[in-house]
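Asks: Below you will find the structure I want to go over with you.
There are 2 protein chains.
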Amino acid sequence: MTTSRIAMPSLHKKIMSAADAARLIGHGTTVGMSGFTGSGYPKEVPLALAAHIEEEQAKGNPFRVKVWTGASTGPELDGALAKADGIEFRLPYNSDPIAREKINNGTMNYFDMHLSQVAPMAWQGFLGPLDTAVVEVTGITADGGLIPSSSVGNNKTWLDRAERIILEVNNWQNPALEGMHDIYYGTQLPPNRVPIPLVRADDRIGQPLFRCDLDKIAGIVVTDTPDRNLPFSAPDASAMQIAGHLIEFFEHEVKMGRMPENLLPIQSGVGNIANAVLTGLVDSRFENMTSYTEVIQDGMLDLIDCGKLRIASATAFSLSPEAALRINADMERYRDRMILRPQEISNHPELIRRLGCVSMNGLIEADIYGNVNSTHVMGSRIQNGIGGSGDFARNAFVSIFVTPSTAKGGAISAIVPQVSHVDHISQDVQVIVTEQGLADLRGLSPKQRAELIIEKCAHPKFRPMLADYYARALKDSYGKHSPSLLREALSWHQRFIETGSMEA
Amino acid sequence: MTTSRIAMPSLHKKIMSAADAARLIGHGTTVGMSGFTGSGYPKEVPLALAAHIEEEQAKGNPFRVKVWTGASTGPELDGALAKADGIEFRLPYNSDPIAREKINNGTMNYFDMHLSQVAPMAWQGFLGPLDTAVVEVTGITADGGLIPSSSVGNNKTWLDRAERIILEVNNWQNPALEGMHDIYYGTQLPPNRVPIPLVRADDRIGQPLFRCDLDKIAGIVVTDTPDRNLPFSAPDASAMQIAGHLIEFFEHEVKMGRMPENLLPIQSGVGNIANAVLTGLVDSRFENMTSYTEVIQDGMLDLIDCGKLRIASATAFSLSPEAALRINADMERYRDRMILRPQEISNHPELIRRLGCVSMNGLIEADIYGNVNSTHVMGSRIQNGIGGSGDFARNAFVSIFVTPSTAKGGAISAIVPQVSHVDHISQDVQVIVTEQGLADLRGLSPKQRAELIIEKCAHPKFRPMLADYYARALKDSYGKHSPSLLREALSWHQRFIETGSMEA
């Protein structure tokens, strides 16, 4: 077990096995873990905790913990703990399939939050105390500074708030990450909050390292395990068409004088379509772009490499294995083009509004009036969570939602009469793009929006059904501001549950 | 016709009749009017415009305009123009009954907006050009400064953006209003936005007067008409109970160390319940309070008079006739305790988050998961609009929604299985209060929220129906994160439409 990443000798005595560290965590306590998408989450302590929980449960002792993180993590954390039935309560985001199953069968409580609000709400106190922080770091400096890992998330807050700290020092993380991070220590609770002094996506307003009370460090575990870097599938035809519509829209906005020549800071949700849009920008005429977003994806590396993206600011990486290799091989160069910040800063409404982000997020379904459901399948089954989409969509200069027009091989229409759950109200949804086309909803009344969404975004197979619903709603609705037929509004979802298809 | 309020002699030649001023406004053009609630809207030009429109229409000439304001206005503006069928498009808020009818029968396009976003979106340009500003002022100084009236709203933006300006100088407005306003001229479009330098509710960051290009002033109309100040009904038992629950909650939060002794800046929606809460605070133990809100209501005067409210910051007055008399009789004293700002500042997400407002807003209905509908009756018929509630609810330190548990004499439950329209997603709804009790939803999963809302907030008459729905949804729902029965979710609304009651 190497200690070379722990440059402060007095901390060497705190090195222990993951199993011993896990035993510091008690039943019923709250654990704040690092991790945002598949980056920078602790890899060994959660596994050891899951094993410990299973042992205790086998003896008939109840053992569950409350788990707070940055966002989603990896199978060694959410997957293992959920499998052990060890999570009583989870916030703020989950995408693990085993945990999702526990949440949807009603055995795990999940508080699905705006990601910008996690740290401030942890400070507010109503979530209760934070007993243990388990945070992955890249290393520890000679004076006890903690070099952040491949995500920042809520780590600053967990280190500050927790009574006890367990560190995982991951030798797999590139030591050249040091200097890439910008940890802002100026946040406060009201009435002591002040303006956050960031005015450009590339501003650095904090320091490169975390600081913590070294006496709180109860254990250090040395690991050497890669992040969960998942492959991106190559963009399919649908994703390329969506990217094409969007780039045409950007060009139009620039031509109309409504956006600068280099656009505005781009926020891009996680996923293949978002990545396709970034890839599409490589071949566009836009130069000197910036990004102020949640995660740095493969497409951003391409944009940096071709010299078109000046800076990518985020709270985490979310890379394919190939891109992770690429970035690790050339970290010193990328370090000048990338900044990782706490998620309360990457997602802060104040900063998103000030910078005027162009936000692009995915969805599960949108309705003809422009309301968006990005979390609940058929209104009740959670997919992942709202994540940062609400932080960005409401405060963006232009809030764009992208989706293929159908799902499940055409059985589901992404455009429905009424969404079965709302995450983004129509006021926060300004542009909807499918492979069919782009609907610019800005400044339109509900009925104008409905006509445009049906025409531009719906799949031709579902378009006549939507037009028929809308025509009858226009005639028979109780009010005709946002015409609706209450008996039918959710019938497409019910039909899917019963027949496996929304088709009539 | 007196010109004493127009201290710049060169402007006297621009004085004209309302009828002549109205003729400066052409068919198909966009007019930005002053006005926020019943305060500070132009009173004569809109009436004259309505008459002109009716004349032209009688001759067979089409004549409609697009109307932008601060928020709601008065019958002389929205009522008269709607009656004349003169409004083609309306933003950002309406509460006029005639205009509401036109919107709901499908003959007027209405774009219901977050009030903080109106000015920035007008600058963005996608709403099209602004042809004429019609702005009420209290007077004009010798060097051409415009003394704002009883609301600020979007006037700065209308004066800056419009090609042509028509002023109404209203002698009814108290000249001692001069000095109460704080007009911030530091807003920009991105990428040039900077932090807004306001850190306390009582900070002044701008100047007391509007400035405009005097060459753009095409007409000045002198008026002497009171604001539309509507009586507040005395708080009923239900409002008093809601106020009682809330004050108990505030006391608990202070005791737990989660709020300062003097609370945090209070935002309070318009209406009788909000006013009852303010009145309840008069008898509370809280001192040295502040308010950062949209409108200054009667209850705030009481709080100022008893010395408990140090400052009330808003964008407009919304007073009863008695309160208007009271404030007019003593304006110089109140002027030190009140600040009126542009609505993009009073409602700015950056500032609401920074100050940590305690927000209190009304609703039409909430569902068992804590989603709130504050605009659409039975999902399709718009009541007023979202107004500033979204600006405050998402960014507040604590976001509270208040409502009696039933409406229409008990025929409607304010708590339903699923809201028929969503304005505030559950993440933005932290506390719901009815006369029955208070549900503190912070940090709870959907099922925990459902149990608490049914128990604490629902009317006893509807509680068993809700509990029955929830129990069956727990059993039969597709997913069990937010259990729902799609066939029944909106059936309460359908029953109301068919039978006049939600009762089974």
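As they're listed, the protein sequences go chains A and B.
Quick note: the first sequence uses my numbering, first residue 1, plus one each step.
Quick note: the second sequence uses my numbering, first residue 1, plus one each step.
By construction, the Cβ of each residue, glycine as well, lies at the ideal position given by its N, Cα and C atoms.
(1) A:Q427 CB to nearest chain B CB: under 8 Å?
(2) Quick check on the DSSP output: what are the complete alpha helix (DSSP H) runs of length 4 or more inside the region 260-291 of chain A, in order along the chain?
(3) Quick one: using the 10 Å Cβ neighbour count with 16 as the cut-off for buried, is A:Y185 buried or exposed?
(4) Would you list, in chain order, the members of the region 77-111 of chain A that have their beta-carbon closer than 7 Å to a beta-carbon of chain B?
(5) So the alpha helix (DSSP H) A:T157 belongs to, where does it begin and stop?
(6) Where in the region 58-139 of chain A do unbroken runs of the alpha helix (DSSP H), each at least 4 residues long, occur, reported from the N-terminal end onward?
(7) Applying a beta-carbon distance threshold of less than 7 Å, which residues of chain B neighbour A:N395?
(8) Tell me, please, whether the CB atom of A:F249 is closer than 8 Å to any CB atom in chain C?
(9) Name the two residues that bound the continuous alpha helix (DSSP H) containing A:K254.
(10) Quick one: which chain A residues come within Cβ less than 9 Å of B:M256?
(11) Could you name the residues of chain B that A:V222 contacts, counting a contact when the two beta carbons are closer than 8 Å?
(12) Going by DSSP in three states, A:P46 sits in which element: helix, strand or coil?
(13) For the ligand PLP, is there a heavy atom less than 7 Å away from the beta-carbon of A:L49?
(14) Rounded to the nearest angstrom, how far is the Cβ of B:P191 from that of A:N395, given a contact under 8 Å?
(15) Check whether the Cβ atoms of B:Q343 and B:G40 sit closer than 8 Å, and answer yes or no.
(16) Between the alpha carbons of B:P120 and B:E332, how many angstroms are there, rounded?
(17) With B:F401 as the anchor, note down where its beta strand (DSSP E) starts and where it stops.
(18) Relative to the C-alpha of A:M259, which candidate in A:S238, A:S268, A:M289 and A:H376 has its C-alpha closest?
(19) Taking 6 Å as the limit between beta carbons, can you name the residues of its chain near B:T293, skipping five residues before and five after?
(20) I'd like the span of the beta strand (DSSP E) that includes B:P148, first residue to last.
(21) Start and end of the alpha helix (DSSP H) containing B:L351?
(22) Going along the region 448-472 of chain A in order, which residues come within less than 9 Å of chain B, judged by CB to CB distance?
(23) By how many angstroms is the C-alpha of A:S420 removed from the C-alpha of B:T328?
(24) Here's a check: name, in chain order, each residue in its chain whose Cβ is nearer than 6 Å to the Cβ of A:Y110, leaving out the five neighbours to either side.
(25) A:S359 lies in the beta strand (DSSP E); which residues open and close that run?
(26) According to a CB-to-CB cut-off of less than 7 Å, which residues of the region 477-494 of chain A neighbour chain B?
(27) Less than 8 Å separating the beta-carbons of B:F392 and B:I352?
(28) Terminal residues of the continuous alpha helix (DSSP H) containing B:L466?
(29) Going by DSSP, name the residue or residues bridged to B:V31.
(30) Taking A:V199 as the query, report the chain B residues whose CB atoms sit under 8 Å from its CB, ordered along the chain.
(31) Rounding to the nearest angstrom, what Cα-Cα distance links B:L486 and A:E435 in this structure?
(32) Here's a check: name, in chain order, each residue in its chain whose Cβ is nearer than 6 Å to the Cβ of A:K66, leaving out the five neighbours to either side.
(33) Since A:V377 meets chain B, which of its residues come closer than 7 Å, beta carbon to beta carbon?
(34) Where does B:G410 fall in DSSP's three states?
(35) With 16 as the cutoff for other CB atoms within 10 Å, does B:T107 come out buried or exposed?
(36) Starting from B:D302, trace the beta strand (DSSP E) both ways and give me its first and last residue.
Replies: Inspection of the coordinates gives the following:
(1) Answer yes: the Cβ-Cβ gap between A:Q427 and chain B drops below 8 Å somewhere.
(2) Contiguous alpha helix (DSSP H) elements confined to the region 260-291 of chain A occur at 272-282, taking only those with 4 or more residues.
(3) A:Y185 comes out exposed.
(4) Of all residues in the region 77-111 of chain A, I103, N104, N105, G106, N109, Y110 and F111 have a Cβ within less than 7 Å of some Cβ in chain B.
(5) Per DSSP, the continuous alpha helix (DSSP H) segment holding A:T157 begins and ends at N155 to R161.
(6) Taking only runs of at least 4 residues, the alpha helix (DSSP H) segments lying wholly in the region 58-139 of chain A are 80-83, 97-104 and 118-124.
(7) Ordered by position in chain B, the residues that pass the 7 Å Cβ test against A:N395 are P349.
(8) No chain C is part of this structure, whose protein chains are labelled A and B.
(9) Reading off the sequence, residue 254 of chain A comes out as Val, not Lys. Taken as a continuous stretch (DSSP letters only), the alpha helix (DSSP H) holding A:V254 covers A237 to K255.
(10) Residues of chain A passing the Cβ test: G125 and F126.
(11) Under the 8 Å cutoff, chain B gives no residues; its nearest Cβ is about 34 Å from A:V222.
(12) Reduced to three states, the DSSP call for A:P46 is helix.
(13) In the structure on display, the ligand PLP does not appear, and there are no ligands present to speak of.
(14) Contact doesn't hold; Cβ gap of about 15 Å is too wide.
(15) Between B:Q343 and B:G40, the C-beta gap is not smaller than 8 Å, which leaves the two residues out of contact.
(16) Computed Cα separation, rounded: 33 Å.
(17) V398 to V402 is the span of the beta strand (DSSP E), which, as asked, contains B:F401.
(18) Out of A:S238, A:S268, A:M289 and A:H376, the CA that lies nearest to the CA of A:M259 is found in A:M289.
(19) Answer for B:T293: Q267, S268 and A314, listed in chain order.
(20) Here the beta strand (DSSP E) through B:P148 covers L146 to P148.
(21) Unbroken alpha helix (DSSP H) run through B:L351: P349 to L355.
(22) The region 448-472 of chain A vs chain B, Cβ under 9 Å: Q448.
(23) Looking at the sequence itself, residue 328 of chain B is Asn, so the reference to Thr does not match. When rounded, the distance between both Cα atoms is 50 Å.
(24) Contacts found: R90 and I103.
(25) Where A:S359 is concerned, the enclosing beta strand (DSSP E) stretches over V358 to G362.
(26) Answer set for the region 477-494 of chain A: S477, Y478, G479, K480, H481, S482, P483, S484, L486, R487, A489, L490, H493 and Q494.
(27) Closer than 8 Å, so yes.
(28) Taken as a continuous stretch (DSSP letters only), the alpha helix (DSSP H) holding B:L466 covers R463 to D476.
(29) B:V67 and B:T132.
(30) Contact of A:V199 with chain B by beta-carbon distance below 8 Å involves R193, V194 and P195.
(31) Rounded to whole angstroms, B:L486 to A:E435 spans 29 Å at the Cα level.
(32) Excluding sequence neighbours, A:K66 sits near T30, E88 and F89.
(33) Neighbours of A:V377 on chain B, chain order: G479.
(34) Helix, per DSSP.
(35) That one is exposed.
(36) Looking at the DSSP string, B:D302 is not in any beta strand (DSSP E); the run it does join, the alpha helix (DSSP H), is D298 to D305.
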